[in-house]
Structure formats: structure tokens, C-alpha cells
Amino acid sequence: MKRKLVIALLIAICVLMQACICPMIAIGEIKPNLLIILTVSFGLMRGRREGMLIGFFCGLLTDLFFESTIGFNALIYLWVGYFGGYFYRIFYDDDIKTPLLLISVCDLAYGIVQYLFRFLLRGRLQFFFYLGRIILPEVVYTLILTIICYHVFYRINRMLDLSGS
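Mapping of the sequence shown onto the numbering used here: residues 1233 to 1397, in sequence order.
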């Protein structure tokens, strides 16, 4: 029960930070994606099921607060959580290289899926412009923030494991 409350609180904090703090630290309209960091981190540390659940709720809250289409981000984050949790058994928690690689791949995939369904279907065909100006800078900015956030999430997960919840 304690684990569920802490994770719900972490999701709420990350959504609030994504809404309130990330726009203030944006560089040229590019913001880091804290929810990808949270989803992939806990997927790696806890497995596919937990990654999918955290991803679904992160995406659902993103849809409710930021988007007009409910369910689109929930589905994307759910798949991101599954992908992150897929590597649960072959990765060491305290190693930062694997989370950095997976978070960058997931954020890149998230940006490409966003482009495909939000812009390409509307006839906007400037993929390389969008890739160079929005997707890749967001991936880099998210990776920089991952170095800090992953250690925080790792410590929270360790404390929850040690407390037996």
C-alpha cells in the first residue's frame, strides 16, 4: 500500500513539475519530458507491469491536463513503460548508462509518434525540420535531466524495497 501511495505521489509531482516548472526552464520552447524519465526508470527498476501502470497514469494525466484527445498519450506512455520494463532482468539498477540509452530511445520514439499523429496526418511534411528543431533537442534536454532524476527515483525505489512495501 505504501508503494502505491508513494508512486501516485511521484506521478502527481512529476505532472505538476511538467506543467509548472518545465515551462520556466524551457530553452527555446523545448522542455524536458519528466514523465518519460519516470516511466522508463520505474519500468527498468520494477518490470513491465509496473512500467505500464505508471506509464498509463502518466499519459492519462497528460491527456487530461495538456491535450484535447484523451487516451492518446496514455497509450504511448503505456508502451514506453512496457519497453522500459522489458529490460528489467538484464540491467543493474545503479548503472546510469542503460537508463540514459533507453530514455533517449523512448523520448525519440515519443517525439516521432507525436509528429506522425499530430502533424503528418495534417499534411505537414517537414519531418527533418521537426526532428532537428524539436525532437532531438528535447531528447538531449531530457537526458541532461535524467542524470539527476534517475538517482532520485533509484533512491526512492531502494527505500521502498528496504521498507518491505
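We put the CB at the ideal spot given by N, CA and C, even for glycine.
For the alpha helix (DSSP H) that residue i lies in, which residues bound it at each end?
i	result
Asp1393	Leu1368 to Ser1395
Ala1258	It is not in any alpha helix (DSSP H) - Ala1258 carries neither H nor E in the DSSP assignment.
Ile1262	From DSSP, Ile1262 is part of no alpha helix (DSSP H); its letter is neither H nor E.
Met1284	Arg1280 to Phe1298
Buried or exposed, going by whether 16 or more other CB atoms sit within 10 Å of the CB of residue i?
i	result
Tyr1324	exposed
Phe1360	exposed
Gln1250	buried
Could you round the C-beta distance between residue i and residue j to whole angstroms and report it? I think they count as a contact, below 8 Å.
i	j	result
Leu1340	Val1272	The pair is not a contact, with the Cβ atoms about 12 Å apart (cut-off 8 Å).
Tyr1314	Leu1276	The pair is not a contact, with the Cβ atoms about 12 Å apart (cut-off 8 Å).
Leu1270	Cys1290	6 Å
Give the straight-line distance between the Cα atoms of residue i and residue j, rounded to the nearest whole angstrom.
i	j	result
Tyr1399	Gly1343	For the chain, the structure presents residues 1233 to 1397; residue 1399 sits outside this window and is missing.
Cys1381	Phe1351	30 Å
Thr1260	Leu1310	Going by the sequence as given, residue 1260 is Gly instead of Thr. If you take the alpha carbons of Gly1260 and Leu1310, they lie about 28 Å apart.
Gly1369	Leu1266	Correcting the residue type first, residue 1369 is Pro in the shown sequence and not Gly. If I take the Cα positions, the gap works out to 14 Å.
Phe1297	Leu1392	29 Å
If you scan the region 1301-1360 from start to end, which runs of the alpha helix (DSSP H) of 4 or more residues do you find wholly inside it? Taken in chain order, the complete alpha helix (DSSP H) segments of 4 residues or longer contained in the region 1301-1360 are 1304-1318 and 1329-1350.
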